[in-house]
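Peer 1:
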Amino acid sequence: MSYFNYPERGVYHLPKKNILVLSCIDLRLTDNLLEFLHFDNLTNRYDHFALAGTSLMTQAENPKLTKLIDHKKLKAGIKSYKNWNEVWQDHVRIAIALHDIKDVYIIEHEDCGAYQNFLTEEALSVGEHACHVKFSIALAEEIHQFKVDKDTTVTLNVHCFLLDLRGNVEHLYSIP
Numbered sequence: 131m132s133y134f135n136y137p138e139r140g141v142y143h144l145p146k147k148n149i150l151v152l153s154c155i156d157l158r159l160t161d162n163l164l165e166f167l168h169f170d171n172l173t174n175r176y177d178h179f180a181l182a183g184t185s186l187m188t189q190a191e192n193p194k195l196t197k198l199i200d201h202k203k204l205k206a207g208i209k210s211y212k213n214w215n216e217v218w219q220d221h222v223r224i225a226i227a228l229h230d231i232k233d234v235y236i237i238e239h240e241d242c243g244a245y246q247n248f249l250t251e252e253a254l255s256v257g258e259h260a261c262h263v264k265f266s267i268a269l270a271e272e273i274h275q276f277k278v279d280k281d282t283t284v285t286l287n288v289h290c291f292l293l294d295l296r297g298n299v300e301h302l303y304s305i306p
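Encoded structure:
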């Protein structure tokens, strides 16, 4: 039994096989993240990949979102950020090859330092929550039809969530 609020059953289809989880590196919510994954019956059935800012850092070069990012600040703090999406996609390929994943969970969190430091003031003026929604949906749509190689495309079910600072989870978006 959980003391946290999680999405109601039926809001998204629970994975039946192994999954890949993308989350932030923020250490404040590690236990809450694990409890949510256990709640969704994913114990020992997921690969976990962590990036500062979760989807934010995978979308730094996305033409639709790049204007929301303060690239000057980002370049000053993280010299190789342009490669992060490639590294992420390589991990998706490896998870497909080794563990036959069919689902990806993108788990953002509130009060994210990467969002607060690397988004423009204009982007943040609509609120951090709205930014998490935009960036996670962009990543979900990018990897839903995932190109493993030039001849192979795999359809992944992608689910986006937002963890609040108390450990509650909000479902943001799913693409089956």
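Heads up: the sequence shown begins at 131 in our numbering, then just goes up one per residue.
A virtual CB, placed ideally from N, CA and C, is assigned to each residue, including glycine.
1) Tell whether a beta-carbon distance below 8 angstroms holds between Leu198 and Ala253.
2) So Ser153 and Leu163 are in contact, right, with Cβ under 8 angstroms, and what is the actual spacing, rounded?
3) Between which two residues does the alpha helix (DSSP H) harbouring Ile224 extend?
4) Among the candidates Val151, Leu157, Glu240, whose CA atom is the shortest distance from the CA of Ala225?
5) For Gln189 versus Phe291, is the C-beta spacing smaller than 8 angstroms?
6) Go ahead and label Asp170 buried or exposed: buried means 16 or more other beta carbons lie within 10 angstroms of its beta carbon, across all protein chains shown.
7) Please report the distance separating the alpha-carbon of Leu302 from that of Val217.
8) Are the segment 202–216 and the segment 277–297 touching by the rule of at least three beta carbon pairs closer than 8 angstroms?
9) Measuring only the C-alpha atoms, how far is Thr283 from Ala270?
10) Where Phe166 and Glu272 are concerned, what is the direct C-alpha to C-alpha distance, given to the nearest angstrom?
11) Determine the direct distance from the alpha carbon of His221 to that of Arg175, and round the result to whole angstroms.
12) Excluding the 5 residues flanking Val299 on each side, which residues of the same chain have their C-beta closer than 6 angstroms to its C-beta?
13) Closest to Tyr235 by C-alpha separation, out of Phe248, Gln246, His143, Pro193, would be which residue?
14) Comparing alpha-carbon positions, which option in Ala206, Thr285, Glu138, Phe134 lies nearest Asp233?
15) When you compare the CB positions of Phe248 and Lys203, do they come within less than 8 angstroms of one another, or not?
16) Could you work out which residue in Asp241, Ile305, Leu228, Glu251 is closest to Leu159 when comparing CA atoms only?
Peer 2: In short:
1) yes
2) Between Ser153 and Leu163, the beta carbon gap of about 6 angstroms places them in contact (Cβ cut-off 8 angstroms).
3) 214–229
4) Distance check between Ala225 and each of Val151, Leu157, Glu240 places Val151 closest, using alpha-carbon atoms only.
5) no
6) buried
7) Taking the straight line joining both Cα atoms gives about 24 angstroms.
8) no
9) CA-CA distance, Thr283 to Ala270, rounds to 15 angstroms.
10) 24 angstroms
11) 16 angstroms
12) Tyr136, Phe166, Phe291, Leu293
13) His143
14) Thr285
15) yes
16) Asp241
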